[in-house]
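For the record, the sequence lines run as chains A and V. Following my numbering, the numbering of the first sequence begins with 605 at its first residue and continues without gaps. Following my numbering, the numbering of the second sequence begins with 605 at its first residue and continues without gaps. A virtual CB, placed ideally from N, CA and C, is assigned to each residue, including glycine.
Number of protein chains: 2
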Amino acid sequence: MQSITKGLLQLPAKFPNKKILSIDIGGNLAKTAFYIPKSDPQFQDHKSFEILTKDTIPKLSNGEMIYLKSFPSTKIHEFIKFAKQHKLIDKDSQHIHATGGGAYKYNDLFEEEFGQMGVQLKKHDEMESLVNGMSFILNYGKEPAFKYIQGEGKKYLPRESTTQFPKLLISIGSGVSIIKVNNFNSFERVSGTMIGGGTLLGLANLLTGINDFDTILEMSKRGDNNNVDMLVRDIYGDKSPFKDLKGDLLASSFAKVAFDNEFDGNLRFDDISGKYKKEDILNSLVFMISFNIGQLAYMTGQLHQVDQMYFIGNYVRGHDLAMERINFAVEFMSQQKTQAQFLTYDGYLGAIGAFMKEFENDTN
Amino acid sequence: MQSITKGLLQLPAKFPNKKILSIDIGGNLAKTAFYIPKSDPQFQDHKSFEILTKDTIPKLSNGEMIYLKSFPSTKIHEFIKFAKQHKLIDKDSQHIHATGGGAYKYNDLFEEEFGQMGVQLKKHDEMESLVNGMSFILNYGKEPAFKYIQGEGKKYLPRESTTQFPKLLISIGSGVSIIKVNNFNSFERVSGTMIGGGTLLGLANLLTGINDFDTILEMSKRGDNNNVDMLVRDIYGDKSPFKDLKGDLLASSFAKVAFDNEFDGNLRFDDISGKYKKEDILNSLVFMISFNIGQLAYMTGQLHQVDQMYFIGNYVRGHDLAMERINFAVEFMSQQKTQAQFLTYDGYLGAIGAFMKEFENDTN
C-alpha cells in the first residue's frame with residue numbers, strides 16, 4: 605500500500621489540444637469517456653454529442669467537457685463504429701485508455717481496427733481507475749455526490765475543493781467489495797460480502813422467476829416485507845429486552861414463512877404468489893441485502909476510522925429503494941451520525957479514471 | 605450497564621440440602637435444570653435421571669450434579685407431570701426459577717399446579733439468565749466449550765478457572781443477537797442481524813419446500829454450493845485483483861442462477877430440483893448465512909476489543925456444517941488468529957442461569 609501523490613487528479617488548466625478517448629469494458633456495459641478540443645472541426649458536432657450522452661459532465665471547473673456514453677459490452681462493434689464515425693481518434697492519439705475485464709477480451713479486435721492508425725489499447729488497472737475516477741468526480745464534477753434520505757429523496761452535495769481522505773468505496777456488483785481509499789493510487793480491499801447484487805438476482809430468479817434487475821427493483825417497491833419477515837414485535841411484543849430494538853425493526857428475514865407447511869415440494873411459483881406475493885418476497889430480499897451491505901460497510905468504516913462511505917454499482921444506480929435501505933442501515937448503525945453517499949456519475953468511474961491517465965503520461 | 609460482581613456464579617462448596625428446579629420456556633423447547641440432594645430418597649432414582657437426561661453435567665468441580673432435560677414447549681404438561689412424578693419440588697422449595705417467554709405465558713398453569721404447595725414461579729430476566737448460564741458452564745462444566753475445525757471436528761477446551769471477560773455471546777435464533785458480556789450481570793446487545801435461522805428456514809421452505817431444520821442441515825451437507833454460487837475464480841479467473849481473494853472463495857451467493865432464463869414463473873419445485881439440486885441450494889444458503897454471521901461477529905469483536913466469541917442456538921447446536929462455516933468465517937476474517945467457540949451445554953444456558961439464582965438468594 606502506497607500513499608504517493610502522483611498529482612494524477614490535478615485537472616490541467618486547459619486540456620491538451622488533442623482528442624482523448626477511454627473505455628471501461630465491464631461484464632454488461634462498456635462505458636466510454638471522450639474529449640474533443642474546441643478547435644477541432646469535430647467539435648461542431650458537440651450538440652449532437654450532448655444529445656447522445658445524457659450523462660455528460662457539462663461543467664468541469666476549468667470549463668472543459670468530457671462526454672460519457674455507454675454501450676452493451678456484447679455490442680462492442682457499435683462503440684468502434686461510433687468512435688470512427690465521430691472521429692474520436694485523432695492523428696495525435698497514441699492510445700485508447702482501457703480498463704475492465706473486456707480490455708483483455710477485446711484487445712485483438714481493437715488491434716485490428718485501430719492498429720494501422722498507430723493507436724494502441726493501453727490497459728489500466730481496474731481498481732485504480734475506479735478509485736481515481738471517484739476522486740476526480742468529487743473534485744471536478746458538478747453536483748458529484750448525493751445522499752438519499754427516506755421521504756426526502758436525493759440531496760446533492762457540493763464538489764470537494766480538495767479531496768478528503770480516507771474514504772470507503774463500496775462497490776456492489778454480483779458480490780460486494782469494500783475498498784479503503786487512503787490517497788490517490790493508494791487503496792486496498794479491506795472487506796466485502798458475497799451477499800450482493802448477484803444474490804438478489806439469483807434468489808429472485810429462483811423464488812419468483814424474475815431475473816431482470818429493474819423489474820425486481822420496481823416490483824419490490826410495491827411489496828411489503830412484513831408479510832414474509834418477522835419483526836421485533838412478532839417475537840417480543842412491544843416489550844423488547846433490547847433498548848435499541850424497536851418493535852417495527854426487522855428481526856428475521858423470511859422467518860414468517862419458516863414454518864408454513866403448505867410447501868410440499870409440488871408447488872408452483874404461481875401458488876407461492878397466491879400466498880406470498882412476489883412483490884413482498886422481492887421487497888424482503890432488497891431489505892435484507894441492502895441492510896446487510898450498509899451494516900457491513902458502516903462497521904468496516906468504524907474499524908478503519910472512516911466516516912465517508914460511497915456506495916456504487918448497478919445495485920444502487922437509479923434504484924431508490926436500494927439507496928434508501930442502505931442509507932437506513934448506515935443511519936441506524938451510526939445512530940444518525942453518518943449517512944450513505946452515492947455518486948452522480950456512478951458507472952463511469954472506471955472510464956473517467958482511465959481517461960485521466962492521459963494527464964499522468966503528460967506530466968510524468 | 606453495570607459491572608458489579610454479585611458473586612452469583614460462585615459454586616457453593618456443597619449445594620443446600622434441598623431440591624432445586626428451574627425451567628426456561630422458549631418458543632420451541634422448554635429446558636429444565638434440577639438438583640436432588642444425595643440424602644433425599646428421590647436420589648435413589650439418580651440412575652434413571654442419568655438415563656433420562658442425556659445432557660447431564662455429571663462433574664461439577666464440587667462433585668455435585670445438575671440434571672438437564674428438555675420438553676417441547678407445547679407439551680408443558682409433560683414437564684409438570686415429570687416434576688410431580690419425580691418429586692422435583694421439595695417441601696422446602698419456595699420457587700421454581702423460570703425464564704423465557706413461556707414463563708409469562710404459563711404462569712397461571714404453574715400457579716394452579718403448584719400454588720397449593722406454596723411454590724411460586726419466580727421469573728428471571730432471559731438475557732441475564734443466558735449470560736449467567738454461559739459463565740457458570742465455562743467455570744464449572746466438564747469440557748464446557750469446543751472449537752469446530754474443518755476436517756478435525758470438535759476440539760474441546762478446558763474449563764476456565766476464573767471467568768475471563770469480556771466475551772461475545774452470539775445467540776442465533778430466528779434472528780441473531782450479538783451480546784457483549786462485560787462481567788456477571790453486565791452485558792449489552794451491541795449488534796445483530798436479521799439474517800439468521802429464520803432466514804434459513806424461510807428461504808429453504810420457499811425454495812425447496814423443506815422446513816425441517818435438521819433435514820435442511822442434513823441435506824445441505826451433501827450439496828455443492830459451486831453449482832449455484834459464483835466463486836472469485838468465476839469472475840476474475842485465477843488473477844484476482846485482490847490479494848486476499850483466492851479463486852476458490854465465494855464471490856456471490858446464488859449469482860450463478862442470476863441470469864438463467866428458464867424460470868418463467870411456471871416452474872415447479874421439481875423442475876428447480878432437476879436443474880439445481882435442493883442439496884446445492886441448501887448448501888449455498890447455509891454457507892451464505894453462516895459466513896455472514898461469523899463475519900459480523902468477528903467485526904463486532906474487533907470494534908469492542910473482544911477476542912472470545914461463543915456462538916449458541918439451534919442453528920449451530922449439533923450442526924457440524926453450520927459450526928464449520930461460522931468458524932471458517934472467523935478464521936478467514938481474523939487471518940487465522942481467532943476461532944469460533946461453541947458450548948457443550950448450549951440450549952441449557954437460560955435454565956442453568958435461572959437455576960443459579962437459587963444461590964443468589966441464599967448469599968444475599
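Per DSSP, what kind of secondary structure is residue 728 (chain V) in: helix, strand or coil?
coil
Going by DSSP in three states, residue 678 (chain A) sits in which element: helix, strand or coil?
helix
Just tell me which of A:737, A:708, A:720, A:674 has its CA closest to the CA of residue 958 (chain A).
A:737
Local conformation of residue 930 (chain A) per DSSP, three classes:
helix
Which one of A:847, A:837, A:780 has the shortest CA to CA distance from residue 939 (chain A)?
A:847
Could you tell me whether the Cβ of residue 823 (chain A) comes closer than 7 Å to any Cβ of chain V?
no
Please confirm if residue 954 (chain A) has its CB atom under 7 Å from at least one CB of chain V.
no
So which residues of chain V does residue 906 (chain A) contact, with C-beta pairs closer than 7 Å?
907
Coarse secondary structure for residue 649 (chain V), derived from DSSP in three states:
helix
Give the secondary structure of residue 826 (chain A) by DSSP, where H, G and I count as helix, E and B as strand, and everything else as coil.
coil
Quick check: the Cα distance between residue 643 (chain V) and residue 649 (chain V), rounded to an integer number of angstroms?
12 Å
Find the residues of chain V that neighbour residue 839 (chain A), judging by a C-beta separation of less than 9 Å, and give them in chain order.
631, 705, 777, 778, 779
Closer than 9 Å by beta-carbon distance: list the chain V residues that pair up with residue 860 (chain A), in chain order.
802, 806
Beta carbon proximity, residue 886 (chain V) to chain A, threshold 7 Å:
no
Assuming residue 628 (chain V) and residue 955 (chain V) form a contact by the criterion Cβ under 8 Å, report the distance between their Cβ atoms to the nearest whole angstrom.
4 Å
Tell me the DSSP secondary structure of residue 733 (chain V) in three-state form.
helix
Buried/exposed call for residue 818 (chain V), threshold 16 Cβ in 10 Å:
exposed
Could you tell me whether any Cβ in chain A is nearer than 7 Å to the Cβ of residue 799 (chain V)?
yes
Applying the criterion that 16 or more other CB atoms from any shown protein chain within 10 Å of the CB defines a buried residue, is residue 698 (chain A) buried or exposed?
exposed
In this structure, what does DSSP give as the bridge partners for residue 787 (chain V)?
V:790
Let's test the definition: count the other Cβ atoms within 10 Å of the Cβ of residue 675 (chain V) and tell me whether it reaches 16, buried, or not, exposed.
buried
For residue 951 (chain A), the three-state DSSP class (helix, strand or coil):
coil
Classify residue 967 (chain V): buried if its beta carbon has 16 or more other beta carbons within 10 angstroms, exposed otherwise.
Its pLDDT being 41, under 50, residue 967 (chain V) is placed unreliably in this model, and the value from its coordinates should be taken loosely. With fewer than 16 Cβ atoms within 10 Å of its Cβ, residue 967 (chain V) is classed as exposed.
Could you tell me which of V:622, V:762, V:836 sits nearest to residue 859 (chain V), measuring between CA atoms?
V:836
Say whether chain A places a C-beta atom closer than 7 Å to the C-beta of residue 903 (chain V).
yes
Taking C-beta to C-beta, are residue 910 (chain V) and residue 806 (chain A) nearer than 7 Å?
no
Beta carbon of residue 799 (chain A): closer than 6 Å to some heavy atom of the ligand PLP?
Judged by which ligands are present, the structure shown has none, so any question about the ligand PLP falls away.
Is there at least one Cβ from chain V nearer than 7 Å to residue 815 (chain A)'s Cβ?
yes
Between the CA atoms of residue 829 (chain A) and residue 936 (chain A) - distance to the nearest angstrom:
18 Å
Indicate the three-state DSSP secondary structure (helix, strand or coil) for residue 835 (chain A) in the structure shown.
strand
Apart from the five residues on each side of it in sequence, which residues of its chain come closer than 7 Å, Cβ to Cβ, to residue 834 (chain V)?
855, 856, 859, 860
Under 7 Å between C-beta atoms, does residue 864 (chain V) make it to chain A?
yes
Going by C-alpha to C-alpha distance, which of A:792, A:752, A:930 sits closest to residue 845 (chain V)?
A:792
Does the beta-carbon distance from residue 785 (chain V) to residue 904 (chain V) come in below 7 Å?
no
Alpha carbon to alpha carbon, how far is residue 888 (chain V) from residue 930 (chain V)?
13 Å
Distance check for residue 683 (chain A) and residue 647 (chain A), CA to CA, integer angstroms please.
19 Å
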